[in-house]
Amino acid sequence: MKTTESELVKDIINFRLPRYDELPVMGLYLEQVANYLNEYLHAISETPITSSMISNYVKHKIISKPIKKLYDRDQIASLIFIALAKNILQLNDLKKGLVIQQGSYSTKVAYDYFCVELENNLQYVFGLKDENKMEDNAPSPEKIMLHNMILTISYKIYLTKYFELYDITKNKG
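First residue of the sequence shown: 1, per my numbering; consecutive thereafter.
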């Protein structure tokens, strides 16, 4: 199979997650949250996020219940993380990861760090950057774990994209 770099990286070049301060200030209803997540994640996510999935995360106490059926910034930030990490972690490990984060950093700090690290790791894994350095020169064990988790997410995204492209080119020829 011949693949061109542009075919493999087209969705990654301009990929950017919204930062915490860019997340909706007003709460969103369940269906709105699913649409919001899919708007940002469609380029890199294997499966669209559904309302049922979100409800399941609430049911399993991975995220807190919405207040008056509205999901706030912290919940949306957690759901973005969950949507990407669910492909490499089991639900109980996702929950542990969020508990570790909540004990170490505010959701805003942890989520913004996650965004920057994911974008940098994706650029590296897809060959758009030559080196992959952590943003922090003296990382805590929690940041090292998160960095490795994000790197794993990035490799999973790469492999999924590669095999999707393989299937497309195989079916054309």
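Glycine included, C-beta positions come from ideal geometry on N, C-alpha and C.
Cβ contact annotation for Leu91 (same chain, cutoff 7 Å, sequence separation greater than five): His60, Ile62, in chain order.
Scanning its chain for C-beta atoms nearer than 8 Å, with the 5 sequence neighbours on each side dropped, one finds around Ile67 the residues Gly27, in chain order. In the structure shown, the three-state DSSP call for Tyr105 is coil. One alpha carbon belongs to Glu22, the other to Asp112, and they sit about 10 Å apart.
Just so you know, the alpha carbons of Leu94 and Glu7 end up roughly 31 Å apart. Given a length threshold of 3 residues, the region 104 to 145 has no whole run of the beta strand (DSSP E) inside it. Under the three-state reduction of DSSP, Tyr29 is assigned to coil, being neither helix nor strand.
DSSP places Ile82 inside the alpha helix (DSSP H), whose first and last residues are 73 to 85.
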